[in-house]
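To start, the structure under review is shown below, and the notes come after it.
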Amino acid sequence: MSQRPHTVAGTPGLRRALIGTLLAAVLSALGIATGVSTVSAHTSFAGSTPANGSTVAEPVSEILIEFTNPSTEAGDGFVVLDPTGQIREPSSVTTDDGRVFRLGFEPALAGGEVGVRWSVRAGDAHPIEGSFAFTVTATATTEQPATSTEPSAATTVAESAAAPETSPTTEVEAAINAPDDMSSMSATEMSTMEEFLQVDQSTPGESLARLGRLISIAAIVLGIGALAFAATTLRGSLEEIGSLITAVRILGGILVVGALAEYVGVARIGNESLATAWTSSAGTATALRAVAGVAIAAGLVATTVPIRTPARSLSAAAKPATVAKIDIDTGAERSTDSATGRPVVRRWQPRRSSWPAFVGIGLAIASFWFDGHTVTKGFRPLHALANSIHVVAGSVWVGGVVTMAIVMWARHRRSRPTDALGLVVRFSAVASVALGAVVAAGLVMAVSILDSFGELTSTQWGQTFLLKSAAAGLAMLAGAYNHFRLMPALERDPDDDVLHRSVRSTVTAEAILLGFVVVVTAWLVAAAS
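Letter by letter, the sequence shown follows residues 0 to 528 in numbering that gives the first Met the number 0.
Now the structure itself:
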């Protein structure tokens, strides 16, 4: 007998619970973000020769500056303040791989403290700046540097004598039109080495991009996980399934908001216009997420099919449900089972009518090919594949646990049977596969991102990765406790309220831990390793 799909509209109860959980995760993330100093770029300063704070006995004709990943010159590029107070540009700048830059100076730097300031753009279009200083004890030569921006005293006096008298108005206009970059400042304007080395580390748009990224990733994870949960695990009423599908559509709208916020932040970080920001890798990623959110919000349909209520046992709960009977006279689905008198239980069935939403999910997954360490680390096709598997499997696990906790609490508040036994058993089969994929893909990504095993403990990125792994491990233990301890007990005594409360509490704790994992993941996506 054929299954007849039914399209429904959702009620607000489950939808409000899901949105409330998302907002709680966002607020938690903001608290963590304000307390942690991050470098939101996938390239960072690795060192220099001469090193910062070092003392060199011989004149320096070449400075090496090394970065963790390939980059290109940006802004003022590379400039130095020599011991005479003159700002000089290198006579030559060369690089073979974009990671190590060789700055040539003719004549060589000597005679005291030398300050170096650099500005580059990372592979993800993120600009970063920094500075360092070293001391040269060798005596400076009397030859004036060819690349100095400071004119000699003799030239200045001669030009002053030959130049016509300048009116006060002209002097004011010249001051207004004078460039404000550091490389144009004279020795008298440059009062101290500390002033030269001071670099503004604030990045306009960084906070907005970080917030938008968090919202986007949370919406993607919860949306994919909720759909997977609806297709494989949830068995409920028309209203309950409709509410869940409506909540996923709302998450699509939230994804649009988050992606647009991140897009504006990315444009400000890269100092680009909104019309051209999409051409960068980070801009492409956010644009894909915005389109994905629109497709999910507009294209998802709550098509359901009826099933029989499964028997209350571990083995029966895991089996595919059978189709409910159809009334012979009217051909309509029965609202109640004639044998038990209970309402007919239904499940969501993905159909081609939701193809725009499925395309949107594909675009959301593909967006990670252009963002994060996929762009800057390892063999990109392999890293992109591992990243896609990690996103899908992680979303099925994390989003599924969060959705299951919400469904259990919503049913409990309505004094309805929670079906904890069936939910946990059915989801365990899906979660086992997802967990295996998460671990395998995560290992591949970690190997691609980290240059050595020691970086797990010696770098902030590695330490945060370990923190994320520990939280995920605790969530796994909570799930295992539910499956191997509470479920057998619940099968023996299905009506034990204490057991049901323990299951709800354990699933909720697991959801909170995984919410923290999502927050940390949003930080790791953009942090330098």
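Note that CB positions come from ideal geometry on N, CA and C, so glycine has one too.
All of these numbers come straight from a predicted model, not from anything done at the bench.
As a beta-bridge residue in DSSP terms, GLY46 pairs with GLU65.
The beta carbon of GLU57 sits closer than 7 Å to those of ALA137, all from its chain and outside the five residues before and after it, given in chain order.
Annotated three-state conformation of THR275 is coil, per DSSP. In this structure, GLY122 and THR54 do not form a Cβ contact; the two beta carbons are roughly 34 Å apart against a cut-off of 8 Å. Boundaries of the alpha helix (DSSP H) harbouring PRO355: 354-365, taken from the DSSP string.
In the DSSP annotation of this structure, the continuous segment of the alpha helix (DSSP H) that includes GLY478 starts and ends at 459-480. Excluding the 5 residues flanking it on each side, VAL99 has same chain C-beta neighbours closer than 7 Å at LEU63 and GLU65, in chain order.
Contact check for SER118 against ASP75 passes: the beta carbons are separated by less than 8 Å. Here PHE131 is buried, its C-beta having at least 16 other C-beta atoms within 10 Å. Closest option to SER387, judged by alpha-carbon separation, among ARG212, ALA433 and GLU193: ALA433.
Only buried fits VAL400, as 16 or more other CB atoms lie within 10 angstroms of its CB. When DSSP states are grouped into helix, strand and coil, PRO487 belongs to the helix group. Between the segment 201-210 and the segment 372-381, the count of C-beta pairs closer than 8 Å stays below three; the two stretches do not touch.
Straight-line spacing of the CA atoms in ALA474 and ILE448 works out to 24 Å.
A distance below 8 Å separates the beta carbons of ILE364 and VAL391.
Below 8 Å, too few C-beta pairs join the segment 445-465 and the segment 251-259 to call them touching: fewer than three. Under DSSP, ILE86 forms a beta bridge with LEU80. One thing to note: ALA440 has its Cβ within 8 Å of the Cβ of ALA385. Around HIS389, the same chain offers VAL437, ALA440, GLY441 and MET444 as residues with beta carbons nearer than 7 Å, after the five sequence neighbours per side are excluded. By the beta-carbon neighbour count (other beta carbons within 10 angstroms, threshold 16), ASP492 is exposed.
Rounded to the nearest angstrom, the Cβ distance from THR402 to PHE228 is 4 Å, consistent with a contact under 8 Å. Cβ-Cβ separation between ALA276 and PHE369: approximately 13 Å, too far for a contact (criterion under 8 Å). For THR375, the secondary structure class from DSSP, reduced to helix, strand or coil, is coil.
Residues of the same chain with a CB within less than 6 Å of the CB of LEU512, apart from the 5 flanking positions on each side, are ALA470, LEU473 and ALA474 in chain order.
Within the same chain, no Cβ atom closer than 6 Å to the Cβ of ASP95 is found once the five residues on either side in sequence are excluded. The three-state reading of DSSP puts GLY514 in helix, counting H, G and I together. In this structure, the CA atom of VAL517 is about 15 Å from the CA atom of PHE367.
The three-state secondary structure of PRO106, taken from DSSP, is strand. Close CB contacts of LYS467 within its chain, under the 6 Å cut and outside five residues either way in sequence, are with VAL516 and VAL519 (chain order). Proximity to ALA508 across ALA521, GLY478 and VAL524 peaks at GLY478, based on C-alpha coordinates. For THR232, the three-state secondary structure derived from DSSP is coil. In this structure, the straight-line span from the alpha carbon of LEU233 to that of PRO355 is close to 23 Å. In the structure shown, the three-state DSSP call for PRO493 is coil. With a contact defined as Cβ atoms closer than 8 Å, LEU420 and MET486 qualify at about 6 Å. For PHE131, the enclosing beta strand (DSSP E) has its first and last residue at 126-135. Using a Cβ distance threshold of 8 Å, SER353 and GLY269 do not count as a contacting pair.
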